[in-house]
Structure formats: C-alpha cells, structure tokens
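2 protein chains.
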Amino acid sequence: MPLGAMQHWPLRVTSLIDHAEREHGGREIVSAWADGSVSRTDWRGVAHDARRMAQALEAAGVAKGDRVATLAMNHARHLTAWYGACGMGGVLHTINPRLFPDQLAYIVGHAEDRVLLYDALFAPLVERMKPHWPTIETYVCFDLPEGWSGDVGFAEWIAAHDGDYVWAQGDERDPCGLCYTSGTTGNPKGVLYEHRSTLLHAMAEISPDVMGLSARAVALPIVPMFHANAWGLPWAAPIAGCKLVLSADYRPERMCNLFRDEGVTHSAGVPTVWIEMIAYIERTGADLGPLKNVIIGGSAAPRAMIEWLRSRGIEVGHAWGMTETSPIGTVGAPPADWDGKSEGERVDYVSRQGRVPFGVELRIVDDEGLELPRDGKASGRLQIRGPWVVQRYFKAEEDAVDADGWFDTGDVAALHPDGTMQITDRSKDVIKSGGEWISSIELENAALGFDGVLEAAAIGIAHPKWDERPLLCVVRKPGAEVCPRGLREHLAGQVAKWWLPDAIEFVDELPHTATGKISKRTLRERYADYRFADAEAMVGRD
Amino acid sequence: MPLGAMQHWPLRVTSLIDHAEREHGGREIVSAWADGSVSRTDWRGVAHDARRMAQALEAAGVAKGDRVATLAMNHARHLTAWYGACGMGGVLHTINPRLFPDQLAYIVGHAEDRVLLYDALFAPLVERMKPHWPTIETYVCFDLPEGWSGDVGFAEWIAAHDGDYVWAQGDERDPCGLCYTSGTTGNPKGVLYEHRSTLLHAMAEISPDVMGLSARAVALPIVPMFHANAWGLPWAAPIAGCKLVLSADYRPERMCNLFRDEGVTHSAGVPTVWIEMIAYIERTGADLGPLKNVIIGGSAAPRAMIEWLRSRGIEVGHAWGMTETSPIGTVGAPPADWDGKSEGERVDYVSRQGRVPFGVELRIVDDEGLELPRDGKASGRLQIRGPWVVQRYFKAEEDAVDADGWFDTGDVAALHPDGTMQITDRSKDVIKSGGEWISSIELENAALGFDGVLEAAAIGIAHPKWDERPLLCVVRKPGAEVCPRGLREHLAGQVAKWWLPDAIEFVDELPHTATGKISKRTLRERYADYRFADAEAMVGRD
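Dropping the structure here:
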C-alpha cells in the first residue's frame with residue numbers, strides 16, 4: 001500500500017491566486033482610497049504584480065521563511081503584497097498600526113521583519129519607529145506621494161521586474177502569515193499561519209453556510225487586512241473568483257456609495273461599523289444597494305441591529321473567531337428548520353454566535369476542565385480545535401493547547417442543542433458574585449437596549465460579602481438623556497435580580513483597545529479603588 | 001522553521017461523519033426502497049451503525065487497507081457501509097451490478113475484496129458469481145428477506161457490537177475507496193481514492209458554484225452510489241449537514257413523489273433520467289416540489305431539457321467528470337455577468353459543460369501534445385490535473401498522467417475565454433474526414449432537436465476518399481414518424497455542410513454500455529462492413 005494514487009497537490013496559497021488569474025482573471029479588484037478616488041485592477045493584474053513583487057523581494061535578498069511586514073489599510077496593492085510575499089516563500093506579517101509604539105517595536109523585533117511595506121498615511125509613524133526597528137532593511141511605500149524623497153515607491157520597486165516567475169515550492173505546512181494578538185496581559189503573541197491552514201480556512205469560508213461566496217458575489221470587507229486577515233476574505237475571494245472591493249475609508253457615506261456603485265452583495269464588519277451605518281442611513285435616507293449578506297463579528301451585535309438589517313432583506317450572520325482561529329470559529333448561517341421559524345425565532349437564532357463550519361470543533365468546560373453539556377444552559381470556558389486553530393505561538397517554547405489539542409479561547413459560552421454557540425462573557429470579564437457567574441456581556445446588551453445608551457461596560461468591583469458585584473458604566477448618545485431609574489427598571493426586566501448592577505456610572509467615554517474593543521482592563525484599573533456607596537447615592541438621587 | 005504551528009488535523013473521511021453526527025445529528029437520511037416503502041434514520045444513526053460495522057469488520061478479521069465491496073443501490077445502510085468500511089481503515093469498493101459476469105469476476109479478483117455487502121435484489125447474481133469470487137470470505141445482505149437462509153443480514157451482523165469504537169487513525173493519503181471504470185477496451189481499471197482526495201473533493205462540492213449545499217438543503221442523487229460515488233454527494237452531504245434522500249427506484253413517479261414529500265431542493269442525474277421525468281410530468285401534470293438546483297452530467301443535456309427545467313424556476317448546472325476525477329471536473333454555475341445575460345445567453349452558457357472549481361485545472365492539446373488556446377474555437381484533447389484526479393490506477397506499473405501531472409480524459413473539448421469547457425466529442429468517437437474533425441456529439445445533438453427523434457448516434461464509416469464519413473443512426477420516439485429529408489434539412493441548418501451525414505439509418509434501438517451510455521464501439525462493430533450506397537438509396541426513397 002498504496003498500490004495506486006491520486007495526485008500530489010500541496011495546499012499552498014499560491015494556488016489561490018493561480019486559480020483566480022486563470023479562471024476569473026478579468027474579475028475586478030477595486031481600491032477605494034482615503035482621498036475619495038477609486039482605482040481598479042483585476043485578479044490577473046494582482047497575480048502579475050505579485051510575481052513581480054516576489055522577484056523584487058528576491059532581488060532584495062529576502063529568503064524563504066523570512067518575514068515581510070505590511071502596515072497598511074485595505075487596497076489592491078496590499079492584496080498584491082500578500083500574494084507576493086507568500087509567493088516567494090516569505091511570511092506575511094500584517095501589523096496593526098493602532099498598536100502602541102512599544103508594542104510596534106516589540107513585534108517587529110520578535111518577528112525579525114526584513115521588509116516593511118506601508119501606506120503614506122503611516123509615514124510619520126514609520127519615521128518615528130525606524131530607530132526601533134533594526135531588523136528592517138527595506139522600506140517600501142505603497143502610495144509614495146509625488147516628490148517625496150523617502151523610501152522607494154511600490155510601483156517603482158516592482159517596475160524593474162517582468163513577472164516571469166514561478167512561485168516558490170515547498171511543504172504545505174510552511175508558514176505563510178504572521179499576526180500578533182494584542183493581548184491584554186504580557187507581550188503580544190504571534191500566530192504563525194501555514195499555507196495549508198490558510199487554504200483549508202479559505203475553502204471553508206466560501207461555503208454556503210459561512211460566507212457563501214460565488215463568482216457573482218461582490219465582497220467588501222469593512223475590517224482591516226491587519227485584523228485577523230480581514231476575516232480571511234482576501235484568501236477566500238480568489239477561490240470563488242468574486243469581485244473584491246477594498247476600502248481605506250470606512251465612513252458610512254463612503255461605504256453606502258461603494259455598496260451602490262460597485263454592486264456589493266457581501267460585507268463583513270464589527271458592530272460599531274453597522275451602528276454608524278444604520279445611523280447614517282436613518283439620517284440621510286441612503287440605502288445599501290444590492291447588499292444581501294452581512295457578517296457581524298468582533299463583538300456581539302445588538303438585537304436591534306440584526307432586526308434592522310433583516311428588515312432590509314439582508315441575511316445577517318453573527319460570527320465569532322479570533323486571531324488564533326484564522327479567524328473563523330463559528331458563523332450563524334440558517335439552520336435546517338429556518339423556514340419554519342418565526343421572525344422572532346430567527347432573530348433569536350442569529351443573536352447567538354452561530355455554529356462551526358466543517359473542520360473546527362467546540363466544547364465548554366468548567367474550572368476543573370470537565371466538559372459541560374451542550375444543553376444551552378451550562379456555561380463554561382470555550383475551547384476550540386481544528387486545522388486552522390493555533391497549536392503553538394511563534395517562537396513559543398510550549399504548545400498553546402492541551403494534550404487533546406483544545407485551545408482555550410478565554411471566552412465563556414453556552415453550546416445549544418441545535419449546535420449554536422452563545423458567548424456569555426470573556427472569562428476574565430465574568431463577574432463572580434457569591435460563587436456564581438454574572439455575564440458582563442449580557443448586562444451590557446441589556447443596557448444597550450435602553451433608549452439613549454450608546455455604549456455600556458460592566459465590571460466586577462471587589463465586595464466584602466459577595467466577592468464581586470457589578471458596576472455598569474454607561475456612555476449616553478450625543479444629546480440624549482438617560483434616566484438612571486428607568487435604566488434600572490429596564491435591566492430588572494431583562495436579567496436576574498441578583499445580576500443587577502450595584503451602581504451605574506455615567507461617563508463621557510470608555511477606554512478602547514487598539515482593535516476598537518472596550519478595554520475592560522483599563523476600566524478595572526480606573527475603578528480599582530471604587531466603593532459602591534458613592535454611586536448608589538448618585539443613582540438614588542434621580 | 002517552523003517556529004510556530006497551526007494544528008495537525010489529518011484530512012480523513014471519518015471527520016465528515018463525526019462533524020455530521022456532532023453538529024447535524026438529527027438531520028434525516030431517508031431511504032426509499034424499491035417496494036415503495038420509506039425508512040428513516042439520521043446522521044447520528046448512520047454514524048453509530050458505521051462504528052458498529054467497523055467493529056464487525058474487525059471481528060471478521062478485516063485489516064486496515066483491505067477492500068470491502070458493496071453491490072447495492074442507494075439507501076442508508078449502503079451509506080452506513082461506506083463510513084463503516086473507511087472508518088476501520090478499509091477501502092470501500094463500490095461494484096457496478098450492471099457489469100458483465102467476466103468483468104465482475106475480474107474486478108473482485110483484482111481488488112482482492114474480502115467482504116461483500118449486497119442488496120437482496122442482487123442475490124441471484126451473487127449466488128452465480130460466488131464460485132468466481134474466491135477472495136470474498138464474508139457475505140452480508142443489506143436487506144435479508146424474512147426466512148432466507150443465505151448469508152447474514154446487515155442488522156444481525158452489526159447487532160453484536162455496541163458502537164464504542166474509535167475510528168482507525170492513519171495517514172491522510174491512505175486509500176479509502178476503489179471504483180473501476182468500465183473501459184471500452186481492455187480490463188476495467190481501478191481508481192483508488194484517498195482520504196485526502198475525497199475530503200478535498202467534498203469540501204469543493206458543497207461550495208456555491210458547485211452543488212451549493214447548505215444545512216437547509218435536501219439532496220436526492222438520482223445516480224447510483226456505485227457510479228462515481230453518486231457524484232460525491234454521500235461524502236459532501238455531511239459537511240453541509242443537509243438531509244439526504246436515497247432511492248433505490250429512479251422511476252419518475254417515485255422521484256416526483258419524493259421531491260414533494262421530502263422537500264427535495266437539490267438533485268443530480270444523467271440526461272436520460274430527466275428526459276423520463278419531463279415526459280412523465282408533461283403527461284401527468286405532476287410537479288417537482290420545491291426542487292431548485294439540478295446538476296446534469298454523464299452526457300450532454302439537450303438544450304430543450306435545460307430550457308424546460310429553467311422555465312420551472314430551477315437552476316440547472318451542467319457538470320462533467322469521470323471516475324478518474326472523483327468525479328467533479330466542471331460544473332456550470334452562474335458566472336459573474338449572469339444578471340446581464342438574456343435567457344437565451346443563459347441557456348447557451350448552461351449548455352456548455354461548466355467551469356472548474358478551485359483545485360482542478362484543464363487544458364486542451366492537439367495530437368502532438370501542444371497546448372491549444374482557450375479561445376472557444378480550438379478543439380483538442382481535454383486534459384485535467386488536481387488533487388482529486390487519478391495519478392496511477394490501482395496496481396498499475398505506471399502513472400496514468402504525463403510528467404506534468406496531466407491526465408488525458410479521452411474527451412475532445414474547447415475551452416472558452418470565460419472559463420467554460422465544451423465537450424465536442426470523445427477522442428475515439430470523433431469522425432476524421434479529409435484531415436478535419438467532425439464532432440459526433442454535435443451531429444447527435446442537432447438530430448435530437450428534430451421532432452420525433454428519441455436517440456441518435458453518429459459514427460465514422462471508412463471512406464476511400466475522405467478517410468471517414470459520418471453515418472447517423474436514429475431511434476424514433478414510440479409512435480412517431482421522422483421524415484428523413486426533413487431531418488436532413490434540419491441538420492443542414494445546424495452544422496457545416498461537410499459535416500452532414502452521408503447516410504441516416506433508422507433503427508429500433510441503439511446498444512448501451514453498463515453505465516447506460518450509447519456504446520459507439522458496439523455500433524462501429526455492427527456497421528464495420530457498411531457501405532454508404534445502400535443507405536443513400538434509402539434516404540433518397542423518401
């Protein structure tokens with residue numbers, strides 16, 4: 001054995017761009033720039049320029065396995081750089097420009113990046129950081145401004161090369177990408193994606209119950225390419241041969257114009273993006289064009305958002321994942337009994353975080369690591385395993401998973417009998433009161449459903465009797481008034497009585513992380529010495 | 001390198017059934033039996049019984065890599081046997097019961113099958129063949145009739161086992177399936193599918209531009225599980241977690257009842273199946289229920305069939321493939337510019353054989369092996385390569401592909417600039433006249449468009465001046481008259497003048513192969529001594 005065989009065909013990401021070039025070569029890749037202009041290329045153009053860039057990297061002395069970094073928003077040249085870097089056997093490191101300078105210095109040094117391709121927008125940051133980035137030998141600016149005497153421009157850099165290049169061969173488990181998580185404790189950790197893991201993730205992503213991408217689709221990710229690979233869309237799109245619209249500008253007006261002008265059918269973004277979009281549309285009467293499928297992830301989508309989008313004929317999928325999971329862990333595609341569900345039941349379903357695509361597997365465990373039932377009631381630490389889940393962080397000494405391959409996500413969730421997963425909290429954010437868990441997320445969601453509430457964050461405050469008790473911090477919508485007593489009564493109708501916050505603080509703004517999420521860590525630091533009596537008096541004053 | 005890693009997750013077909021059991025356990029698997037009855041199980045039931053069968057195989061002394069054969073129509077027990085055989089590390093060999101006895105003796109001996117699971121329907125055949133099948137030690141009847149004292153029944157065979165079984169582990173390139181092609185020359189050749197090739201094929205198959213299977217889909221393959229794996233559906237369905245309807249009876253009335261009663265949304269079959277279905281519906285006023293997607297393959301679908309189905313709101317995909325390609329090579333999913341096409345242009349598009357999914361690659365070459373342009377005009381030998389294409393036949397001494405991995409399909413085709421492929425002939429059926437090629441298929445399709453023509457076959461007859469000239473053999477529809485002169489005039493409006501057949505012969509029936517295709521080889525033998533003068537006189541008589 002074997003006495004016969006099927007063909008050897010390594011799972012390399014270069015086959016993605018080869019397929020798109022050969023079978024969907026004329027399908028457009030649109031770049032919408034921050035200055036309002038739009039430029040166009042197609043899969044053939046991206047593939048050709050990626051080969052030229054691979055030649056430029058080799059000419060610059062970059063070797064197989066070397067890290068090539070990007071510091072850029074979404075556009076076709078950034079996409080080209082992905083395939084160019086991986087195509088010559090390099091490892092693409094997408095840097096989040098919102099990281100703090102010390103994090104930026106750390107990750108570039110840790111990654112040992114040899115090349116950085118960046119947007120002119122980030123030139124001041126790059127200039128500031130250069131002294132702290134000793135490993136970088138070559139700086140290339142994607143959109144070098146006229147007359148700028150800094151680094152070489154991308155077009156000029158690849159101009160000397162003809163694209164007559166054969167992609168680097170290699171093992172399918174060779175690394176092709178590197179992305180650092182902006183962890184809330186310790187230094188950022190790098191997830192080293194492999195050709196194989198990336199390809200399998202992309203194949204799963206286009207399937208009907210994940211993104212459902214066909215050749216007719218027009219996809220506009222409203223999530224940066226440096227944020228968990230823009231949820232994998234730049235790798236998945238060439239499989240379908242769909243049109244890709246990449247924008248450096250996420251403002252609602254620009255988005256709506258692109259939806260209409262480019263015929264966008266599929267989009268994906270965090271709740272904040274959709275909050276702004278909905279507000280803009282409500283205000284201006286703009287529309288969403290032919291948009292039909294929206295994936296919302298990053299954090300929980302409020303129920304009202306799901307209802308609003310569905311009322312416009314848009315199928316909404318709630319997704320969950322993380323940098324460590326490439327990122328797709330779950331997506332809320334319609335289940336088998338969808339047609340028999342009422343609209344309310346459908347919204348209930350979509351409000352959960354969805355179900356796993358083929359490949360990944362979930363379980364929940366208690367604090368002792370014992371598996372909990374998938375009954376929709378038990379809530380425990382969420383663990384995941386599968387072909388596109390991290391095994392070991394970059395340069396780590398130890399695996400990030402247990403002996404059975406389970407990666408602990410840091411989320412707390414329930415698994416329902418219908419296969420859907422429901423995040424109830426981050427394990428570090430859960431509020432432990434009297435030996436039971438209070439979900440900070442459910443408290444926040446309940447608060448968000450009250451008129452005038454823009455943002456809400458619940459944290460645990462040390463309490464002599466109960467260990468911890470919840471404090472709710474609320475940001476009001478501009479110009480809105482929020483009655484504390486009314487909010488309290490509203491909450492009382494939504495959560496168990498013992499979950500009700502001991503205090504509500506109205507604040508002007510909440511601290512956010514580099515990826516735009518509320519920083520509970522900063523909030524906890526801010527309220528480290530908080531005592532409940534103060535606020536209760538405040539609430540009582542109403 | 002590597003200094004980090006994603007998880008090791010071998011591509012084994014057992015992960016398919018594990019996923020379906022865990023995430024879609026309650027989704028139904030319906031068996032429609034030849035006696036008109038229907039029985040039901042679900043993915044959980046199939047998975048459980050497959051584990052019990054794996055235990056039964058081990059108890060019978062079957063070892064990893066051994067071949068386990070089936071001789072059965074489509075039903076849930078057959079499906080169970082697929083996963084049971086592969087699950088214990090065995091190789092599933094699906095035997096086509098329509099093969100001739102000497103072929104049946106040859107392939108079982110060549111495969112060294114150790115176990116045969118069969119339908120009671122084939123018991124007489126099995127009894128006749130037993131003396132010629134010395135390698136088979138264990139016979140199991142899927143549906144043992146009451147009081148029958150022959151071999152053990154499937155239910156009884158697995159009854160002693162509890163399903164507490166862990167699937168065999170192994171390399172992802174281990175074989176999991178074996179299917180013999182009923183070649184027209186020489187002995188049948190075995191294609192040895194691997195876990196990996198089968199899994200990648202299944203992942204591609206559910207994608208929107210192939211079968212488009214979601215959890216909401218209800219799929220009814222009208223193609224036997226012994227015929228190119230029922231086009232891969234039993235492997236693909238568990239990824240989506242869709243409902244599967246398996247029928248041992250393909251009669252139109254039964255099909256229409258199942259479409260309606262089971263809510264079938266996706267189906268697939270050869271043109272003959274749809275010819276009968278359409279005739280039945282036209283006659284009785286039956287309908288197709290909620291059917292929305294139909295894949296037609298095996299041979300070319302007449303244009304009128306595509307138009308009829310489309311007029312009922314059904315999306316039709318023309319597919320092409322072969323046992324050697326797992327089988328999907330191409331599927332005619334809507335292209336990017338679909339919305340802008342007229343209905344006529346859409347039917348034109350669907351009439352071609354479709355385009356490749358991500359993974360496989362096509363090219364056409366001339367008789368010297370030089371690649372021909374993808375211009376929609378050049379026609380040449382069709383070659384294919386990719387992860388689910390054969391490399392080497394079972395027990396063969398040499399590869400079935402050239403040095404670059406190209407497998408010659410034996411088809412003659414054109415590749416269009418839009419990526420679609422159009423079969424123009426089988427390379428051995430093409431009629432070579434005066435140094436040029438005449439497509440026998442195009443002649444036949446033109447003839448099928450004439451009123452009263454049921455079947456048509458064009459073959460080349462030796463000719464002293466032109467090397468070969470076409471003879472067209474025609475079977476009339478029951479009770480229909482076909483005017484030879486009218487048919488000739490009809491053809492003259494459809495094909496080049498020099499393509500027109502030198503003679504038309506009306507026959508009562510045409511010879512068919514074991515897989516239901518017209519046997520051109522038999523036809524050529526029948527007309528080996530044919531001279532044109534005879535027939536021309538006949539045509540002239542009209």
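Each protein sequence line maps, in turn, to chains A and B.
Residue numbering for the first sequence follows our numbering, beginning at 1 and increasing consecutively.
Residue numbering for the second sequence follows our numbering, beginning at 1 and increasing consecutively.
Beta carbons are placed, not taken as given, at the ideal position from N, Cα and C, and that holds for glycine.
DSSP places Y180/A inside the beta strand (DSSP E), whose first and last residues are P175 to T181. Of all residues in the stretch 351-370 of chain A, the ones placed with a Cβ closer than 8 Å to any Cβ belonging to chain B are R355, V356, F358, G359 and E361, in chain order. At a cut-off of 8 Å between C-beta atoms, I423/B does not count as an interface residue with respect to chain A.
K243/A is bridged by DSSP to V218/A.
In the three-state DSSP reduction, P134/A falls in the coil class, being neither helix nor strand. Per DSSP, reduced to three states, the secondary structure at N74/B is coil, with no helix or strand assignment. Where R51/A is concerned, the enclosing alpha helix (DSSP H) starts and stops at W43 to A59.
Q391/B belongs to the set of residues whose beta carbon lies under 8 Å from a beta carbon in chain A.
Counting only residues of its own chain and dropping the five nearest sequence neighbours on each side, P470/A has a CB closer than 8 Å to the CB of I431, S433, I438, S440, L443, A458, I459, G460, I461, W499, L500, P501 and D502. Here T284/A is exposed, its C-beta having fewer than 16 other C-beta atoms within 10 Å. When S31/A, L79/A and F394/A are compared, the shortest CA-CA separation from R51/A is found for L79/A. A straight-line Cα-Cα distance of about 18 Å links A400/A and D367/A. Under a criterion of Cβ atoms nearer than 7 Å, no residue of chain B is adjacent to Q103/A; the nearest Cβ is some 18 Å distant. For H416/A, no pairing in a beta bridge is given by DSSP. It is roughly 15 Å from the alpha-carbon of P511/A to the alpha-carbon of S182/A. Residues are counted here when their Cβ sits less than 7 Å from a Cβ of chain A; for the stretch 214-238 of chain B these are S214, A215 and R216, given in chain order. Contact between L244/A and A219/A holds, since their C-beta atoms are separated by about 6 Å, short of 8 Å. Non-local beta-carbon contacts of A230/B in its own chain, meaning distances under 7 Å to residues more than five positions away in sequence, involve N74, P221, V223 and P224 in chain order.
Cβ neighbours of H48/A within its own chain (closer than 6 Å, five residues either side excluded): G163. In terms of Cβ geometry, E23/A and V331/B do not form a close pair [threshold 8 Å].
The C-beta distance from D408/A to Q391/A rounds to 13 Å, too long to fall under 8 Å, and the pair is not in contact.
Membership of D467/A in the beta strand (DSSP E) is indicated by the continuous run D467 to R476. The C-beta distance from E21/A to R40/A rounds to 16 Å, too long to meet the 8 Å contact threshold.
Listed in chain order, the non-local C-beta contacts of Y527/B below 7 Å within the same chain comprise I459, I461 and L471, local neighbours out to five positions each way being set aside. Between the alpha carbons of W9/A and V347/B lies a gap of roughly 34 Å. At a Cβ-Cβ threshold of 8 Å, G89/B and G147/B do not count as neighbours. Any Cβ of chain B closer than 8 Å to the Cβ of R27/A would place that residue at the interface, and such an atom is present. When DSSP assignments are scanned along the stretch 477-537 of chain B, the uninterrupted stretches of alpha helix (DSSP H) that are 4 or more residues long and fall wholly within it turn out to be 484-492 and 520-526. It is roughly 15 Å from the alpha-carbon of W320/B to the alpha-carbon of I306/B. Nearest neighbour of L233/A by Cα position, chosen from M211/A, C473/A and A215/A, turns out to be M211/A.
G298/A sits buried, since 16 or more C-beta atoms from the chains shown fall within 10 Å of its C-beta.
Boundaries around M305/A are those of the alpha helix (DSSP H), R303 to S311, since no beta strand (DSSP E) includes it.
The beta carbons of G241/A and A215/A sit closer together than 8 Å. Look at E23/A: its C-beta is under 8 Å from a C-beta on chain B.
Among the residues facing chain A, K341/B is not included, as its CB has no counterpart in that chain under 8 Å away. Nearest C-alpha to V62/A among V115/A, Q422/A and P131/A: V115/A.
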